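Numbering (this note's numbering) for the sequence shown: 5 to 183.
Glycine is no exception: its CB is placed at the ideal position from the N, C-alpha and C atoms.
From a predicted model like this one, the values you see are computed outputs, not experimental measurements.
Read through the structure below, which is laid out as structure tokens, and then see the notes.
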Amino acid sequence: MIKWLLILIFLSAASAQEPTLKSQNSNPCDQANYHDFDFWVGNWAVYGDLDKSGPLLGTNRITKSQGGCLITEHWTSANGNTGTSMNFYDGSQNKWVQHWVSQDGISISYSGGLDNDSMVLTGKIYYANRDDHPIRDFKGKWTPLDDGVVKQHFEESIDGGESWQPWFTGYYFQQTETK
């Protein structure tokens, strides 16, 4: 009798928790903050000038995965150098986070969020092959412009943010897929 009573209590407790389990399994990445960086998703040709008058700097394929929780970047420069970043919204900190690694030993870790429609991240850049200031302050800004163009601007500082030097500026133009 006690055995059946314990089984009944267990089944009652399990069924009472079922709605809680279902709500925990809903996708948190459907929330608005997880879509703040969606303007960057796509296949891009990147130029140094808004009018494309200069040479192609590279291409960048930005994809979403993991149920919309992860944005992955696959950069290839015009000279063949590559880099990859993982970008995600950390709901526990209410911040976007990016971790970048390139084949030449550069890594970047920074975080932030939207500021007047631009994604602004600040943190550190790490140079594996530099003896002078191998760790520097770093900031990046992605701004959606007219006609679907995205401006990306990076700066670094070796004096704790007192002054900033340009590191990269690129204008992203959506590439059309051909079959």
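Under the three-state reduction of DSSP, which class applies to residue i: helix, strand or coil?
i: F43; result: helix
i: D53; result: coil
i: N37; result: helix
i: P138; result: coil
i: D150; result: helix
With a CB to CB cut of under 6 Å and the five nearest residues on each side skipped, what residues in its chain are close to residue i?
i: A176; result: It should be pointed out that residue 176 corresponds to Tyr in this sequence rather than to Ala. For Y176, where only same-chain residues beyond five positions count, the Cβ hits under 6 Å are W48, V50 and V154.
i: V124; result: G116 and K145
i: T147; result: S122 and K155
i: L74; result: F92
i: D136; result: none
Go through its chain and collect everything with a Cβ distance to residue i's Cβ below 8 Å, but skip five positions before and after it.
i: P59; result: Y51, G52 and A82
i: N98; result: N37 and G117
For the beta strand (DSSP E) containing residue i, name the first residue and the last one.
i: N64; result: L60 to S69
i: G87; result: T86 to D94
i: D119; result: I110 to D119
i: E166; result: From DSSP, E166 is part of no beta strand (DSSP E); its letter is neither H nor E.
i: G72; result: Counting along the chain, G72 falls outside any beta strand (DSSP E), and DSSP gives it neither H nor E.
i: T126; result: S122 to Y131
i: Q102; result: K99 to S106
Our contact map puts residue i next to residue j with C-beta atoms below 8 Å; I'd like the distance itself, whole angstroms only.
i: V101; j: T67; result: Wrong, their Cβ atoms sit about 17 Å apart, outside the cutoff.
i: G174; j: L61; result: 5 Å
i: G71; j: C33; result: 6 Å
i: M90; j: T76; result: 6 Å
Residues in its own chain within less than 7 Å of residue i by CB, not counting five upstream and five downstream?
i: S111; result: W104, V105 and Y130
i: S113; result: H103, G127 and K128
i: P170; result: E159
i: R65; result: N47 and H78
i: L149; result: K155
i: F43; result: P148 and V154
So, does the CB of residue i fall closer than 7 Å to a CB anywhere in chain C?
i: K155; result: Of the protein chains in this structure there is only one, and it is not chain C.
Cβ pair count under 8 Å reaching 3, the region 154-163 against the region 126-145: yes
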